[in-house]
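Step one of this worksheet: look at the structure below.
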Ligand code: 13P
């Protein structure tokens, strides 16, 4: 079984005080319960350092929500991958639908960021997902194929160990609408088979595919129990420690068998 991976994407939320409190609560409970799952939090950039301090010596990983692919230089307002590494990030989220939708990120840009993140030694959570019109028009698979093809251009099988895919149907993000466990499983299976065709079966089978979109403590177990759902990328529910810890607990229970 692939090791489940629960990551919290805090988006543009929290204050410094609430970010530190949330991180401390998550770190304390993970230290106490030692779940057999990977856990990460991705705070807003200004809070990476204080959250990193709150996570000191914790297995909870620190991640960035985005970064520029260029080396440090004259790019006003941007954050480099070097900076994420410098402040203790182990991973970075790339290609989130909100980046694509509100900031014009294309598959080509996403691809550059993925390669650049690996060059700096970061793991990547690469987000893909279809909008509602695509799902209703039966275009989900072709949309995901295009995103995978573009985002993973030039990628070698040996690099896949540093990659996690997050399938986040855009219509399920922040809406309270969740893909049914059957919808999530069918789509994850499609993604895994796509990876097997593009790379190879063993690499595809080893890769983790997270589900994201209105995951909460009370729906986590049925989603995570699907054979091809290997974790969750959690937005809103990752801002409340009881909710986020409930999702981690559900993952830990499934991992315990
Ligand atoms: P919600 O969990 O708030 O739906 O957000 C999902 C998401 O976009 C995580 O990256």
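Numbering (our numbering), first residue to last: 356 to 612. Yeah, the Cβ is synthetic: ideal placement off N, Cα and C, and Gly gets one too. Computed from a prediction, not measured in an experiment: that's the story for all the values here.
- For residue 565, the uninterrupted beta strand (DSSP E) segment begins and ends at 563-566.
- Ligand 1 has a heavy atom closer than 8 Å to the beta-carbon of residue 530.
- Taking C-alpha positions only, residue 573 is separated from residue 430 by approximately 42 Å.
- Counted as a single uninterrupted DSSP element, the beta strand (DSSP E) harbouring residue 416 occupies residues 416-419.
- Closest in alpha carbon position to residue 424, among 391, 466, 392 and 365, is 466.
- If you draw a straight line from the Cα of residue 434 to the Cα of residue 514, it is about 24 Å long.
- In this structure, ligand 1 has no non-hydrogen atom nearer than 8 Å to the beta-carbon of residue 460.
- Remark: the C-beta of residue 498 is outside contact range of ligand 1, defined as less than 8 Å to any heavy atom.
- A distance criterion of 8 Å places the beta-carbon of residue 377 beyond contact range of ligand 1, judged by its closest non-hydrogen atom.
- Nearest in C-alpha terms to residue 375, of all of 397, 421 and 489, is 397.
- By a beta-carbon distance limit of 8 Å, residue 463 contacts residue 505. Their separation comes to about 6 Å.
- Setting aside the 5 residues that flank it on each side, residue 517 is surrounded in the same chain by 473, 478 and 479, each with a C-beta closer than 7 Å to its C-beta; the list follows chain order.
- Relative to ligand 1, the beta carbon of residue 588 is positioned inside 8 Å of a heavy atom.
- Taking 8 Å as the cut-off, the C-beta of residue 448 counts as close to a heavy atom of ligand 1.
- Looking at 509, 461, 497 and 600, the one whose alpha-carbon comes closest to that of residue 362 is 600.
- Excluding residues up to 5 positions away in sequence, 356, 358, 359, 390, 391 and 392 lie with their Cβ nearer than 8 Å to the Cβ of residue 610 in the same chain.
- In the same chain as residue 366, and ignoring 5 residues on each side of it, the C-beta atoms closer than 8 Å to its own belong to 399, 420, 453 and 590, in chain order.
- A distance below 7 Å between beta-carbons, with the five flanking residues on each side excluded, links residue 563 to the following residues of its chain, in chain order: 357, 360, 519, 585 and 586.
- When rounded, the separation of the alpha-carbon atoms in residue 416 and residue 445 is 6 Å.
- Contact annotation: residue 521 and residue 565 have beta-carbon atoms nearer than 9 Å.
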